[in-house]
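Asks:
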Amino acid sequence: MEMKEVKVGLIGLGTVGTGVAKILIEQKTLLLKKVGVPIVLKKIADRNLTRPRPVDLSGIELTTDASEVINDPDIDIVVELIGGYEPARTFILNAIKNGKHVITANKALLALYGEEIFDTATECNVDIGFEASVGGGIPLIRGIKEGLVANNILCFFGILNGTANYILTKMTNEGKPFKEVLKEAQQKGYAEADPTFDVEGIDTAHKLAILVGLCYGVPIDYKSIHIEGISQIEPVDIQFAQEFGYTIKLLAISHMTEQGIEARVHPTMIPSDHLLANVNGAYNALLVKGDAVGNVLFYGLGAGMMPTGSAVVSDIVDIARNIVKGANGRTPSMAFILGQRRPKSMVKIDEMDFRYYFRFYALDRPGVLSKISGILGRYNISLESVVQKGREVNGAVPIVMLTHEAREANVKQALKEIEGLEVVKDKPVFIRIEESLRIE
């Protein structure tokens, strides 16, 4: 039977949902030329149907009941854009069981329940699209899944949260403290009223979990990721980093090593001449290294109505083409065919070695430096450089140190001991330095 048109149902008409509706309606002629049959937005479910939106929805069925979309026999593709864990998970699973192909931008849901969703889709012989879940408008998922299919992925480094990157960029450029910049970001709409997921690295870790599964052919394992945020970073740290030739970014980092997979999110000092150091504002980027291709950089807007809407529509078109050709299931959701995705051991952060930046506030007295360096020496932490300067804060001055490579577990023990010294005020700050990004 020849397909006359592909019908889409949308659950959630917030920022991204509005972008998707706008593109499907305004670009219908362009999409027809690229698919061969019309893509029709048949029905939209949203809790609030009266709010004004910058798109003409006349001719589209509107409902406040998501089950009307999920159970509509005419709808081929269900797009879930409500976010959160529930009822999104139930909606998606019910749609799959009803034989619908599903598209979602819900990275938190995929990070925690992705395996259940992908397994159910395989059982029901439907496709899952999730391009918009990582990197907004940047075609990361398809780039890795199809463009880099010939490669073993060796490692990748990502700036994957626009809010955190915007805050760090403002702190770097204007020297303002974290809380002040966060407040500005909230007023401008770049940060949520509750910014925890963004600034504490949780959103980045959700995206990292999906990428680890995609790149290495392992089940998604969010719980094994080490997560730190940026709320402890102070302007003084950014200033010292610049003096040493580094820029501080919140990075998602993963390496495939002989010991297993490294997967971590934390503030990182990277060489200021590196491309990633110059990804600023709300932009996202992902640097992927493949064994055949070498380094590939993806860059673009990681959020927003139209960029994220663009990614969702790319999935709609991809699945529509499969429907037209009767070729669903052609590309595995997570790049590897059924039965070839197997768990691998994850390396704990305490077992990793890094160079470090340390900052202590210590009383300006003779012998303080030797006390601190003596403790570090006992834990096999050798120093590359030491700077003691700056104004006093509550009678203490900042002491900043860069180390040679040291074991994370040793660093944590040493810093705990140093924190207990009477001459040291405040908790010591440490930031890892990522030397593998140095340009040769």
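Mind the numbering: the sequence shown is residues 1023 to 1462 in this note's numbering, read in order.
No residue lacks a Cβ here, since even glycine has one placed at the ideal position from N, Cα and C.
#1: When we look at the beta-carbon of Val-1334 and count the other beta-carbons within 10 Å, is it buried (16 or more) or exposed?
#2: Write down every uninterrupted run of the alpha helix (DSSP H) in the region 1289 to 1354 whose length is 4 residues or greater and which is fully enclosed by it, in chain order.
#3: Taking the beta carbon of Pro-1420 as the centre, do at least 16 other beta carbons fall within 10 Å, making it buried, or is it exposed?
#4: In its own chain, which residues sit with a C-beta less than 6 Å from the C-beta of Glu-1462, not counting the 5 before and 5 after it?
#5: With respect to the alpha helix (DSSP H) encompassing Tyr-1135, which residues constitute its N-terminal and C-terminal limits?
#6: If you follow the beta strand (DSSP E) that His-1274 is in, where does it begin and where does it stop?
#7: Run through the region 1172 to 1239 for me and flag every whole beta strand (DSSP E) of 3 or more residues, listed as ranges in chain order.
#8: Are at least three pairs of beta-carbons, each pair with one atom in the region 1273 to 1289 and one in the region 1163 to 1171, less than 8 Å apart?
#9: Compute the beta-carbon to beta-carbon distance between Ile-1394 and Glu-1430, rounded to the nearest angstrom, for a pair I have assumed lies under 8 Å.
#10: Which two residues bound the contiguous beta strand (DSSP E) that contains Ala-1418?
#11: How would you write the range of the alpha helix (DSSP H) that Glu-1168 sits in, first residue to last?
#12: Identify, in the order they occur along the chain, each residue of the same chain with its Cβ nearer than 7 Å to the Cβ of Ala-1133, setting aside the five sequence neighbours on each side.
#13: Cβ atoms of Gly-1223 and Ala-1325: under 8 Å apart, would you say?
#14: Out of Gly-1251, Tyr-1238, Lys-1434, state which residue places its alpha-carbon closest to the alpha-carbon of Met-1368.
#15: What does a CB cutoff of less than 8 Å around Val-1339 pick up in its chain, not counting 5 residues either side in sequence?
#16: In chain order, what are the residue ranges of uninterrupted beta strand (DSSP E) at least 3 long that sit wholly in the region 1023 to 1078?
#17: If distances are taken between C-alpha atoms only, which option among Lys-1026, Ala-1349, Leu-1063, Asn-1173 comes closest to Leu-1035?
#18: By DSSP, does Pro-1095 sit in helix, in strand, or in coil?
#19: If I follow the unbroken beta strand (DSSP E) through Leu-1084, where does it start and stop?
#20: Are there 16 or more other CB atoms within 10 angstroms of the CB of Ser-1155, so buried, or fewer, so exposed?
#21: Going straight from the alpha carbon of Leu-1398 to that of Tyr-1268, what length do you get?
#22: For the pair the region 1092 to 1109 and the region 1035 to 1045, tell me if three or more CB-CB distances fall below 8 Å.
Replies: So, from the listed chains and residues:
#1: buried
#2: 1327 to 1347
#3: buried
#4: Here Glu-1462 scores only 46 on pLDDT, less than 50, and its place in the model is too uncertain to base an answer on.
#5: 1129 to 1145
#6: The amino acid occupying residue 1274 in the given sequence is Ala; His does not appear at that position. Note, Ala-1274: beta strand (DSSP E), 1268 to 1279.
#7: 1175 to 1181
#8: no
#9: Contact flag wrong, Cβ pair sits at about 19 Å.
#10: 1418 to 1425
#11: From DSSP, Glu-1168 is part of no alpha helix (DSSP H); its letter is neither H nor E.
#12: His-1228, Ala-1231, Ile-1232, Ile-1242, Tyr-1244
#13: no
#14: Tyr-1238
#15: Leu-1053, Lys-1056, Val-1057, Ile-1061
#16: 1028 to 1033, 1061 to 1067
#17: Leu-1063
#18: coil
#19: 1083 to 1085
#20: buried
#21: 23 Å
#22: yes
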